[in-house]
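Colleague: In order, the protein sequences belong to chains Y and F.
Residue numbering for the first sequence is 68 to 1063, as defined by this note's numbering.
Residue numbering for the second sequence is 2 to 143, as defined by this note's numbering.
The C-beta atom is built at its ideal place from N, Cα and C for all residues, glycine as well.
Predicted model, so just to flag it, every value in this text is computed and none were measured.
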Amino acid sequence: MSKASTVLIYGTNLSGYRIAYALGKMGYKTVMLNRGAYVDEVRNQVLSQLPFDLCWACAYAPQRLFVGLGAMQIMYNAELLELKGEAGNFTAKIRKRDAFVNNYICTECEKCVDACPVTVEKDGKKQKAISMMPKMFWENIFLIDEENCTQCGECETACPTGALKINPPVEEVEIEAGAVILAPEFDEPGEAELSHFGWGSIPNVVKSSDIARAALATNFTGDSFKRPSDGKLPQSIAIIVTPHFNEKGIEYENCNASAQAVYRANKIKEMHPDIDVSLFCRDYKCYGKGHCRMYEQAKDSGVQIIRTEKLALSAANGEKNKISFKPGGTNDEKTVDMTILITGQRPPTTMERLSKVCGVTAESHGFCNIMPFSSAKTEVDGIFAVGEFTSPKGNPETIWEGYGPLREITSWLGGKSVEKPKPPVLRDVSYEKTRTGVFICSCFGTFSDKMDLESLANRVKNFPHVAHAEIINGCCTPSSIQETAAKIKESGVNRVVLAVCTPTQKMMKFRKTVMMAGLNPLLSEFLRLREDVIQVHTDPAKMGDKAAAMIYAAAAKLKTARAMPTLMDHMGATVLIIGGGASGLEAARYLGAAGYDVQVAEKTDHIGGMADILPIDLEGHEIQKYMTQLVDDIAKDTHITVYTNTTVSDVSGYAGNFHVRLETKDGETVVIDPALVIIATGALESKPDLYNYGKDERVMTQLEFEQKLANKQITSGHVAMIQCVGSRNPKKSYCSRVCCSAALKNALILREQNIDVTICYRDMNTYGFKDDYFQTAMKKGVSFLRFDENQYPELEASDDALKIKINDISDGKEKNISADYLILSTGMEPDRENNEAFSKLFDLNLDDDGFFDVESCACPYEDASKRIMKPFELSSNGVFVVGCAHSPRSFMESVMMARQAAGKAMVILPAAKMPPPNAMYVSEVDVSKCTGCGLCVDVCPYHAREIDPIRKVAVVRPFLCDSCGACVVACPSSAAFLRDQREDQLIRSIDGLLAI
Amino acid sequence: MANNETDIKIVAFLCNWCTFTAADLAGTSRLKYAPNIRIVKVMCSSRIEPVFILKALLDGADGVLIGGCAPGDCHYSKGNFYARRKIALAKTLAESAGLDSDRIRLSWIPASEGPKFAHVVNEFTEHIKNLGYNPARREVYI
Chain Y
68 MSKASTVLIY
78 GTNLSGYRIA
88 YALGKMGYKT
98 VMLNRGAYVD
108 EVRNQVLSQL
118 PFDLCWACAY
128 APQRLFVGLG
138 AMQIMYNAEL
148 LELKGEAGNF
158 TAKIRKRDAF
168 VNNYICTECE
178 KCVDACPVTV
188 EKDGKKQKAI
198 SMMPKMFWEN
208 IFLIDEENCT
218 QCGECETACP
228 TGALKINPPV
238 EEVEIEAGAV
248 ILAPEFDEPG
258 EAELSHFGWG
268 SIPNVVKSSD
278 IARAALATNF
288 TGDSFKRPSD
298 GKLPQSIAII
308 VTPHFNEKGI
318 EYENCNASAQ
328 AVYRANKIKE
338 MHPDIDVSLF
348 CRDYKCYGKG
358 HCRMYEQAKD
368 SGVQIIRTEK
378 LALSAANGEK
388 NKISFKPGGT
398 NDEKTVDMTI
408 LITGQRPPTT
418 MERLSKVCGV
428 TAESHGFCNI
438 MPFSSAKTEV
448 DGIFAVGEFT
458 SPKGNPETIW
468 EGYGPLREIT
478 SWLGGKSVEK
488 PKPPVLRDVS
498 YEKTRTGVFI
508 CSCFGTFSDK
518 MDLESLANRV
528 KNFPHVAHAE
538 IINGCCTPSS
548 IQETAAKIKE
558 SGVNRVVLAV
568 CTPTQKMMKF
578 RKTVMMAGLN
588 PLLSEFLRLR
598 EDVIQVHTDP
608 AKMGDKAAAM
618 IYAAAAKLKT
628 ARAMPTLMDH
638 MGATVLIIGG
648 GASGLEAARY
658 LGAAGYDVQV
668 AEKTDHIGGM
678 ADILPIDLEG
688 HEIQKYMTQL
698 VDDIAKDTHI
708 TVYTNTTVSD
718 VSGYAGNFHV
728 RLETKDGETV
738 VIDPALVIIA
748 TGALESKPDL
758 YNYGKDERVM
768 TQLEFEQKLA
778 NKQITSGHVA
788 MIQCVGSRNP
798 KKSYCSRVCC
808 SAALKNALIL
818 REQNIDVTIC
828 YRDMNTYGFK
838 DDYFQTAMKK
848 GVSFLRFDEN
858 QYPELEASDD
868 ALKIKINDIS
878 DGKEKNISAD
888 YLILSTGMEP
898 DRENNEAFSK
908 LFDLNLDDDG
918 FFDVESCACP
928 YEDASKRIMK
938 PFELSSNGVF
948 VVGCAHSPRS
958 FMESVMMARQ
968 AAGKAMVILP
978 AAKMPPPNAM
988 YVSEVDVSKC
998 TGCGLCVDVC
1008 PYHAREIDPI
1018 RKVAVVRPFL
1028 CDSCGACVVA
1038 CPSSAAFLRD
1048 QREDQLIRSI
1058 DGLLAI
Chain F
2 MANNETDIKI
12 VAFLCNWCTF
22 TAADLAGTSR
32 LKYAPNIRIV
42 KVMCSSRIEP
52 VFILKALLDG
62 ADGVLIGGCA
72 PGDCHYSKGN
82 FYARRKIALA
92 KTLAESAGLD
102 SDRIRLSWIP
112 ASEGPKFAHV
122 VNEFTEHIKN
132 LGYNPARREV
142 YI
């Protein structure tokens, strides 16, 4: 039996959307089950976790892109009832009910709202039984209030596009799927979980996500955090990280709750420096890129950060909140106007049902169990679980995860099922007389109520550059696109002005309309009649003038428009991986197994890297076994070539077409042409200059100690550990992420041999489920002493013992420990020499700490989701940085990151050719005018220009050009131009705008 | 001071990724603002040449508004910084040509801030109304 090539995605978390996007690009069809009645009814993480309050791009873009192409189907009110069959051939029985309004053909004309005879009062506001939901990104959603709807059918009759159905039936459908992805949304703690923080009972206690929700349409601005009780701006705010104080097992800290709290505090301070902001947490867990800097910024701007073990919240006079806490063994309290709760994640409530239907099981915390060393594989073949469903996660982690399991998913699928539609044949208009047609959209007759389109059409007919003007119904539904394309063809024009609506949603549709009429899109202009005129102005005369001026300008601009073909560039299919450590090898194995040629260049004489000396990790994963298997697989795979003792000596070319010269120790050179490059050069262990390290044999780093422990050289004595040695200070302002886990891991091993262990720490950075081990270590008798960041423990070494003096801030007492070994958790540091060399070769930025700073795998909080969804995949110009070269991370995290980069490569590589990111809108050079001065090369943000060494003129690499136009302005001899925005065209349109 | 000019014209150069999209959001949110603004879309504010600004003023525009991404948030990393320099240059050039550089304004408006766009347009329109018509409307420049 042949395999099905559809993938069923249950739920709408960000990972699910990413998988849908990746699979759509690769040519597979996805069916997404949305449990809610509209896109965001069951909230996905972005809106609830991210302090950047308005971004929905990850979910929005794949839908917009692939639903229209038929590569993605979304079912609303959907539930998976039954799953039969096996991997490759699942049959899923689904119950669904379509959304009231199909927002892919809804034009947001609001005729339905006008037609509705029922008025209801909701939250003190009068509205119709069908109403518009707050904006989701740049798209409004229409919803029927079923309680009050009389089912009269007026709205359905009024809808001009047939997008509205008042009574969609409940249907049961069966779907054949090759693989199933479980991607349910995260579970936010509710009233029961947050009751002892007073949420729901004490006034003015709000969740961070409440604020995010309220700020949806306006972004997080000055007005977003008013006191709910009286609508006034609070003068004092407390921010509480609830997972730190909640009972164990109720909610889990997603990877960036602490960072989110500090981010929120910083934002509030930025807008209102006078507000007194205090932040309550147990530890500041700041292991992400840039998180420590956020902490420093918060301290600088006067945010009071209070670390406390216990905390209670009660109501105080004047609808205030009183927070009682215990810093340093004393009791203290603070009264504030408003409290913001930064909440964690509950174990998924969908788990029980899904385990019945699909056979997946829960792990000990109630999240979905996945196979060790996998990011998504469940016990059942062909069923994958991603995102917050498998463990508490933050947004960046969830988004990345979408790419990781791609190869495993596609291995269960049959042939590709989505064919890209062939572009229509375009007419050659170069020898025709310019005839411009203006097509004014009436949005199925709805604009005519708000504006006199007839007289506008008559007015523009007399403009000098206009040959034809006509009113159209629309060009955004399949039928209206055809209709308008036919009208354009019939009118015989060869330049088109479409006076329509928002290109943010509908650009592709407008372009398609013009292309179906046989015209090159460069011969067309799209105006926002609706957003720039109809919906924002009221004076009819002014509206007419403005619209006329816009059309005049567009027609004038088109006068000298020239048709040009879309450029295509060759895209190779091999990948170079620099660095043969765990992450490099993992990426190599992934891509080799997918059938791509991979070259691995390793500086030393053997592969394996740092992972070679790690026996197990905190969770007990056997790293050595995994590495042996990995090295074995690499040796067997004929697609993979490993060059040891090899360095990269020269790089030229660009994404898709790199030329790299590798040099071996013996001076031999190999030249390869990879399409993509993955940098996995890792990091180094920090060697401190503190605590007699290097002078006293009893003082060693955590990694050195681990070796000794593995070789059974430590059998007795008292072991003391100091965390954060030489890090998280202004000089090295990042957390190395692995040391707290390593300390706990080694402490637990020592306790098994009954050896006394004392861990001196600043903040215990155990994230996700790692916090369990902290609890276990306390139970097993590891003693924890906490010191202040400004007062590190002091060492007094004598021949008998290492005496450590520490001021324990948890009870405020000074303590003395006498130890036989002192272990310093020093963390990682970037391999500066190496990183600087590669940053020059590949033109990558390094962050302030010396790690690579690459947008596409950005870890800083808001950047990740904002930038990850750039319109094209190669935001880092074909270079991916993975593992510790990017930022400190554990073995497992490095491996996962390598997989996500390899997954990304797998989406890009099959293309064989790639258009420029903005299709035909690229910068070009008029060679006869170019003097080769190189100014354009300097200003180009994407290195899309270079000077041809022989002809001494600038040449454009269209593949890298994103058509910003900085080169055009910089060019002193007017040799640079943008295809659609030449200087004379822009001058014409300025003239045009001022003509009326 | 002429307060009653209602037909003043403002040419706005907006970058595609931020301010043009903010205008889009203002539109979809049905915010109302002064109708005197006319938009030229450019991909990035760094595409705006000083010539465009001077040309608009010489052609009789009463004000020129330039909108770009917030600093550090430019779609093209630093295009808005290039723009800032060019606009400083345009202002100097405008002064030396006898035009009022106060009629040129640069504003950073992120894509998600539709209300800010409406606010800036209203406020700038009011500002230009207070300045009155651009004298270049009546005078002939060679």
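Counting only C-beta atoms, is Leu-121 of chain Y closer than 8 Å to chain F at any point?
Modeller: Confidence at Leu-121 of chain Y is low in this model, with a pLDDT of 43, below 50, so the placement of that residue should be treated as unreliable; the coordinate-derived value is given next. So, interface residue.
Colleague: Using the beta-carbon count (16 or more within 10 Å), is Tyr-498 of chain Y buried or exposed?
Modeller: Result: exposed.
Colleague: Verify whether the separation of the beta carbon atoms of Ile-644 of chain Y and Gln-666 of chain Y is less than 8 Å.
Modeller: yes
Colleague: Where does Ala-382 of chain Y fall in DSSP's three states?
Modeller: strand
Colleague: My output table needs one value for Ala-166 of chain Y: the three-state DSSP class, helix, strand or coil.
Modeller: coil
Colleague: Grab the span of the beta strand (DSSP E) containing Thr-731 of chain Y for me, first residue to last.
Modeller: 724-731
Colleague: Assuming Leu-107 of chain F is part of the beta strand (DSSP E), what are its boundary residues?
Modeller: 105-109
Colleague: Taking Cβ positions, are Glu-223 of chain Y and Ile-233 of chain Y nearer each other than 8 Å?
Modeller: yes
Colleague: Quick one: is Tyr-780 of chain Y buried, meaning 16 or more other Cβ sit within 10 Å of its Cβ, or exposed?
Modeller: Residue identity differs from the one stated: residue 780 of chain Y is Gln in this sequence, not Tyr. Residue burial is scored here from C-beta neighbours: Gln-780 of chain Y has fewer than 16 other C-beta atoms within 10 angstroms and is therefore classed as exposed.
Colleague: Quick check: is the beta carbon of Leu-1060 of chain Y nearer than 8 Å to any beta carbon in chain F?
Modeller: With its beta carbon less than 8 Å from one in chain F, Leu-1060 of chain Y belongs to the interface.
Colleague: Can you find at least 3 beta carbon pairs, one from the stretch 967-975 of chain Y and one from the stretch 770-778 of chain Y, that sit closer than 8 Å?
Modeller: no
Colleague: I'd like the ranges of any beta strand (DSSP E) spanning at least 3 consecutive residues and lying wholly in the stretch 536-606 of chain Y.
Modeller: 562-567, 591-595
Colleague: Counting only Cβ-Cβ distances shorter than 7 Å, please list the residues of the stretch 71-95 of chain F near chain Y, keeping chain order.
Modeller: Tyr-77, Ser-78, Lys-79, Gly-80, Tyr-83, Lys-87
Colleague: Looking at Leu-594 of chain Y: is its Cβ nearer than 8 Å to the Cβ of Leu-625 of chain Y?
Modeller: no
Colleague: Express the C-alpha separation of Val-106 of chain Y and Lys-444 of chain Y in angstroms, rounding to a whole number.
Modeller: Rounded to the nearest angstrom, the two C-alpha atoms are 27 Å apart.
Colleague: For Arg-31 of chain F, go through chain Y and note every residue whose CB falls closer than 7 Å to its CB, in chain order.
Modeller: Gln-602
Colleague: Under 7 Å: does the beta carbon of Asn-724 of chain Y sit that close to some heavy atom of the ligand GTP?
Modeller: This structure lacks the ligand GTP; in fact it carries no ligand of any kind.
Colleague: Apply the 10 Å Cβ neighbour rule to Asn-135 of chain F and answer buried if 16 or more other Cβ atoms are within range, or exposed otherwise.
Modeller: buried
Colleague: Assuming Leu-147 of chain Y and Val-424 of chain Y form a contact by the criterion Cβ under 8 Å, report the distance between their Cβ atoms to the nearest whole angstrom.
Modeller: 6 Å
Colleague: Which same chain residues, not among the five before or five after Pro-414 of chain Y, have their C-beta less than 8 Å away from its C-beta?
Modeller: Asp-254, Tyr-319, Ala-429, His-432, Gly-433, Phe-434
Colleague: May I ask you to list the residues that DSSP assigns as paired with Pro-897 of chain Y?
Modeller: Y:Ala-750
Colleague: Apart from the five residues just before and just after Gly-461 of chain Y, which ones in its own chain have a Cβ nearer than 6 Å to its Cβ?
Modeller: Result list for Gly-461 of chain Y: Asn-321, Cys-322, Asn-323, in chain order.
Colleague: Helix, strand or coil for Met-418 of chain Y? Go by DSSP, reduced to three states.
Modeller: helix
Colleague: Tell me the rounded alpha-carbon separation between Met-405 of chain Y and Glu-260 of chain Y.
Modeller: 19 Å
Colleague: Quick check on Thr-22 of chain F - is its C-beta less than 8 Å from some C-beta in chain Y?
Modeller: yes
Colleague: Take Pro-295 of chain Y as the anchor and find which of Y:Asn-561, Y:Gly-267, Y:Ala-584 has the nearest alpha-carbon.
Modeller: Y:Gly-267
Colleague: Taking one C-beta from the stretch 33-45 of chain F and one from the stretch 11-19 of chain F each time, how about it: are there three or more such pairs within less than 8 Å?
Modeller: yes
Colleague: Should the stretch 989-1002 of chain Y be called in touch with the stretch 500-519 of chain Y, which here means at least 3 C-beta pairs below 8 Å?
Modeller: no
Colleague: Specify the secondary structure class of Leu-681 of chain Y as computed by DSSP and reduced to three states.
Modeller: In the structure shown, Leu-681 of chain Y sits in coil (DSSP, three-state: anything other than H, G, I, E or B).
Colleague: Are Tyr-721 of chain Y and Phe-1026 of chain Y touching if we call contact CB-CB under 8 Å?
Modeller: yes
Colleague: Between the stretch 595-623 of chain Y and chain F, which residues of the former have CB atoms less than 9 Å from a CB of the latter, in chain order?
Modeller: Cβ contacts with chain F: Arg-595, Arg-597, Glu-598, Asp-599, Val-600, Ile-601, Gln-602, Val-603, His-604, Thr-605, Asp-606, Lys-609, Met-610, Asp-612, Lys-613, Ala-616, Met-617, Ala-620.
Colleague: How many angstroms separate the CA atom of Ile-110 of chain F from the CA atom of Asp-1047 of chain Y?
Modeller: 24 Å
Colleague: Tell me, to the nearest whole angstrom, how far the beta carbon of Lys-487 of chain Y is from that of Met-93 of chain Y; I am working on the premise that it is less than 8 Å.
Modeller: Not really, about 11 Å apart at Cβ, beyond 8 Å.
Colleague: DSSP three-state label for Lys-775 of chain Y, please.
Modeller: helix
Colleague: Among Y:Met-788, Y:Leu-1060, Y:Glu-188, Y:Gly-229, whose alpha-carbon lies nearest the alpha-carbon of Val-849 of chain Y?
Modeller: Y:Met-788
Colleague: Closer than 7 Å by C-beta to Cys-1007 of chain Y: which residues in its own chain qualify, once you throw out the five before and the five after it? Chain order, please.
Modeller: These residues qualify, in order along the chain: Ala-1033, Cys-1034.
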